Amino acid sequence: MKVARGSELLTRKLLFVHGKGGVGKTLFARSLAELLAESGKRTLLVLMDDSSMAAGEQIRVSAHLEIANVEPISSFDEYARLKIGNATLVKIFLQNKFMNYAVQAAPGIKEILFLGKLWYELKNFDHVVVDLPASGHAITLFQTFKNWSELFKGSLIGGDTQKIRVTLESTSDTGHFILALPEEMPLIEALDLRTSLEALFPTGLDSHLVLNQKLPALGAASGTTDEGKPFSETANEHFEKKSSRETERLLSWKDEPRTTIPYLFGETTEELRKSFKKTIGAEWGIA
Amino acid sequence: MGDCVSQNFQAAITNKKILIQCGTGGVGKTTLSAALALNLAAQGKKVLVITMDPSRRLKTSLGLTGDASRPIKLDLSTLSESVPGELWAMIPNSESSYRHLVESLTDRTESREKLLKNKILRSFASDYSGANEYLALNELYRIRQSNLFDVIVLDTPPAKNTLTFLQGPRLLARFFEEKFIKLLLLPTHSIFSFGAKKVFGILENLTGAGFVHELFEFGAAIATIQDSFLKRLRSIHELLKSSEVGFCLVTTPNDSSIHEIDSFLSELRVQDFKLTALLLNRSLSHLKFNEHSDAFADRYVRRIQAREEGMKSRLHSRGQGLVLDSFPELNRDVTGLEDLRHVSRFFE
């Protein structure tokens with residue numbers, strides 16, 4: 105279901121952030137996590153295989169905010185230790201080369217472990233915000249989880265998988281933010297993504313569209329934006345055309361509920377994040 | 094218009110039969126790949142562009158609305174300026190790519206059946222990062238062997254970072270080389286070490302008999318093709334190392350971080366691949382703006398131009414004679430062949 109206001113999704117504990125590469129997912133996820141933490145909610149921001157952190161690392165960055173870099177092998181270690189119990193057995197199991205490869209390669213296990221980790225942390229935090237990889241991979245994540253959970257029935261992973269499924273399918277527990285740029289291709293892909301997600305969760309899925317990097321209105325919307333020379337000579341000309349095209353495009357999307365974030369200037373990531381937080385904070389009424 | 098070192102680019106690609114476009118998602122790789130292919134066709138060549146993830150609009154403007162898993166010749170007659178060569182396009186899907194791979198790895202029908210049906214392998218082929226890239230490369234290799242085209246332009250699958258395409262196949266190879274595959278092939282009643290028996294017992298407890306069964310099926314299925322798979326991987330690697338292949342990194346002023354570019358360059362070196370050029374897409378250095386104005390357009394362009402300058406000077410200071418070609422951003426979406434032709438001129 106399309107949620108009318110982004111703030112409505114903030115009642116959910118588990119928040120997924122979707123989008124293609126370059127739309128500002130990471131900035132949005134981090135900003136949202138910081139805002140929630142600053143409003144007093146214990147928040148965990150989850151990254152998947154992030155190169156700037158060590159594998160499996162989880163750090164506290166402020167009073168109410170932790171960041172976890174979830175990675176398959178260390179997740180598997182953690183999980184195995186939790187489930188096997190017997191220290192000797194755990195050692196034999198984890199040191200076995202085969203196991204290492206099975207975890208890295210076997211489809212299903214990685215995805216289940218990732219989603220399992222999220223689900224597991226829900227009891228420790230008020231919110232778990234997940235910065236997902238680019239859209240195609242996110243769909244694969246949920247698809248693979250669905251495909252393989254059948255196969256794991258009757259096992260320890262199978263039992264846990266069921267519990268994870270219940271949470272994912274509960275619209276009061278889980279929400280999805282879909283980020284897009286106001287350009288044609290990203291918008292259509294965002295809609296496609298939502299359609300795919302809704303197909304994966306036929307019992308219901310709550311999502312909200314976030315449009316990022318919208319240009320200020322610089323030119324009147326005209327119907328002839330696709331003709332004429334493709335390259336402009338001045339900055340003004342270039343942006344007037346871009347902006348009027350954008351305005352026209354968004355007019356045709358007027359029935360689509362969304363939160364719009366303007367193009368923000370920021371020389372550093374911190375500056376940008378500050379602007380971002382100010383904007384979303386104001387839009388959604390988060391302290 | 095723009096700040097180009099195009100002459101160097103054409104010189105750099107003179108003897109190339111394969112051009113591989115790498116870069117993260119959202120930089121315009123697909124459009125640029127199609128434009129590059131069109132540029133080469135305009136020089137009279139017979140060119141194939143292999144693209145993994147084209148937008149609907151691009152597909153429509155190229156006339157590729159149906160199944161394009163086999164190369165399709167594009168109709169260039171609508172262009173205002175006639176093009177002497179030929180432009181073909183192909184959009185592999187993982188289903189057909191996987192089938193082609195299986196066909197190339199074994200002649201035996203029974204083995205092919207097993208491979209095509211195996212759950213783990215099929216999931217591998219569509220989900221596992223490394224597999225997507227490997228399948229694309231296998232398609233490239235196949236078509237190169239057929240010798241049907243003068244040049245092939247490969248638009249790589251969109252990825253989180255630029256290294257995914259280069260590293261994926263290597264990781265896959267490691268997986269296939271490991272002795273654990275042999276472990277999977279030992280019949281369960283054979284002499285297993287105590288440790289190994291225990292390990293499988295634990296795995297079964299954790300994942301269920303169903304999954305462990307699939308794992309053994311997987312082992313049996315790939316036993317037949319392990320050798321030919323590795324041989325194939327080596328051949329592909331040799332091809333990529335050869336001087337007829339060039340790699341281009343596509344980036345934008347917004348997206349480019351010198352760190353990413355450096356990582357990309359060092360990964361190329363590690364694998365002995367040749368860098369042809371850095372393609373800076375969505376450049377705004379062709380735009381005139383007011384230095385003293387704080388209006389949005391001026392501010393934006395000033396910022397982007399500064400980033401571009403910074404990037405260029407840092408690259409030049411690396412003293413490797415890197416070829417950098419800039420492509421100005423269109424003031425609209427690419428709406429058809431004519432627009433692609435506009436972009437393709439910047440390769441000249």
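Protein chains in written order, with this note's numbering: chain A, 105 to 391; chain B, 94 to 441.
The beta-carbon is built from N, C-alpha and C at its ideal position, and this holds for glycine as well.
Small disclaimer: the values here were computed from a predicted structure and weren't measured.
| Asked | Found |
| --- | --- |
| What is the DSSP secondary structure of serine 204 of chain B, reduced to helix, strand or coil? | helix |
| By Cβ distance below 7 angstroms, which residues in the same chain neighbour lysine 138 of chain B in space, the five residues on each side in sequence not counted? | Gly178, Asp243 and Val244 |
| Are there 16 or more other CB atoms within 10 angstroms of the CB of arginine 434 of chain B, so buried, or fewer, so exposed? | buried |
| Put glutamate 161 of chain A into one of helix, strand or coil per three-state DSSP. | coil |
| Should leucine 323 of chain B be labelled buried (16 or more other beta-carbon atoms within 10 Å of its own) or exposed? | exposed |
| Any beta carbon of chain C sitting closer than 9 angstroms to that of serine 321 of chain B? | Reference to chain C is not applicable here, since the protein chains of this structure are A and B. |
| Along the stretch 289-305 of chain B, where does the CB come closer than 8 angstroms to a CB of chain A? Name the residues. | Ala289, Lys291, Val292, Ile295, Leu296, Glu297, Asn298, Leu299, Thr300, Gly301, Ala302, Gly303 and Phe304 |
| Along the chain, where does the beta strand (DSSP E) containing valine 436 of chain B start, and where does it finish? | No beta strand (DSSP E) contains valine 436 of chain B, which is instead part of the alpha helix (DSSP H) from 430-437. |
| Determine the closest residue to leucine 118 of chain A out of A:Phe305, A:Glu293, A:Ser276 and A:Leu368, with distance taken between C-alpha atoms. | A:Ser276 |
| Within 8 angstroms, do at least three Cβ pairs link the stretch 142-158 of chain A to the stretch 216-234 of chain A? | yes |
| Which residue's Cα is closest to the Cα of threonine 299 of chain A: A:Leu313, A:Glu288 and A:Glu287? | A:Leu313 |
| Going along chain A, which residues have a C-beta under 9 angstroms from arginine 150 of chain B? | Glu288, Met289 and Ile292 |
| Compute the Euclidean distance between the alpha carbons of threonine 199 of chain B and leucine 326 of chain B, then round it to the nearest angstrom. | 14 angstroms |
| Could you give the distance in angstroms between the alpha-carbon of proline 250 of chain B and the alpha-carbon of alanine 224 of chain B? | 11 angstroms |
| With DSSP as the reference, label glutamate 170 of chain A as helix, strand or coil. | strand |
| For the beta strand (DSSP E) that contains asparagine 316 of chain A, what are its first and last residues? | 311-318 |
| So is alanine 346 of chain B in contact with chain A if we call contact Cβ pairs under 9 angstroms? | The identity of residue 346 of chain B in the sequence shown is proline, whereas the question assumes alanine. So, not an interface residue. |
| Under 9 angstroms, do phenylalanine 120 of chain A and proline 176 of chain A count as touching if we go by C-beta distance? | no |
| Measuring straight from C-alpha to C-alpha, what distance separates serine 311 of chain A and glycine 110 of chain A? | 9 angstroms |
| For phenylalanine 380 of chain A and chain B, any beta-carbon pair shorter than 9 angstroms? | no |
| Taking the C-alpha atoms as reference points, what is the distance between phenylalanine 420 of chain B and cysteine 115 of chain B? | 16 angstroms |
| Can you give the beta carbon distance from lysine 109 of chain B to glycine 339 of chain B, rounded, assuming they're within the 8 angstroms contact cut? | 4 angstroms |
| Below 8 angstroms on the Cβ atoms is my contact criterion, and I expect lysine 318 of chain A with threonine 364 of chain A to pass it. Report the Cβ-Cβ distance as a whole number of Å. | 5 angstroms |
| Curious, which full-length alpha helix (DSSP H) runs of at least 4 residues does the stretch 214-300 of chain A contain? | 239-253 and 260-273 |
| With distances taken Cα to Cα, identify the nearest neighbour of aspartate 181 of chain A among A:Lys124, A:Glu161, A:Ala167 and A:Val165. | A:Glu161 |
| Tell me which residues of the stretch 259-277 of chain A have at least one Cβ-Cβ distance to chain B shorter than 9 angstroms, keeping chain order. | Ser259, Leu260, Ile261 and Gly262 |
| Report the residue from B:Glu226, B:Leu259, B:Leu371 and B:Asp146 whose alpha carbon sits nearest the alpha carbon of aspartate 365 of chain B. | B:Leu259 |
| Does leucine 194 of chain B come out as helix, strand or coil in the three-state DSSP assignment? | helix |
| My assumption, with CB atoms under 8 angstroms, is that serine 126 of chain B sits in contact with valine 142 of chain B. Please give the rounded CB distance. | 6 angstroms |
| Do we get a CB-CB distance below 9 angstroms when we pair alanine 167 of chain A with the residues of chain B? | no |
| What in chain A is Cβ-close to arginine 438 of chain B, meaning under 9 angstroms? | Those do not exist, as arginine 438 of chain B stays about 10 angstroms from chain A at its closest Cβ, beyond 9 angstroms. |
| Determine the contact status of valine 107 of chain A and proline 306 of chain A, defining contact as a CB-CB distance below 9 angstroms. | no |
| Using alpha carbons as the reference points, say which of B:Pro164, B:Ser173, B:Ile165 and B:Val120 lies closest to alanine 135 of chain B. | B:Ser173 |
| Using DSSP's beta-bridge definition, name the partner residues of methionine 183 of chain B. | B:Ile143 |
| Who are the near neighbours of leucine 333 of chain B in its chain, counting only those whose CB is closer than 7 angstroms to its CB and skipping five residues on each side? | Phe366 |
| Does DSSP put methionine 152 of chain A in a helix, a strand or coil? | strand |
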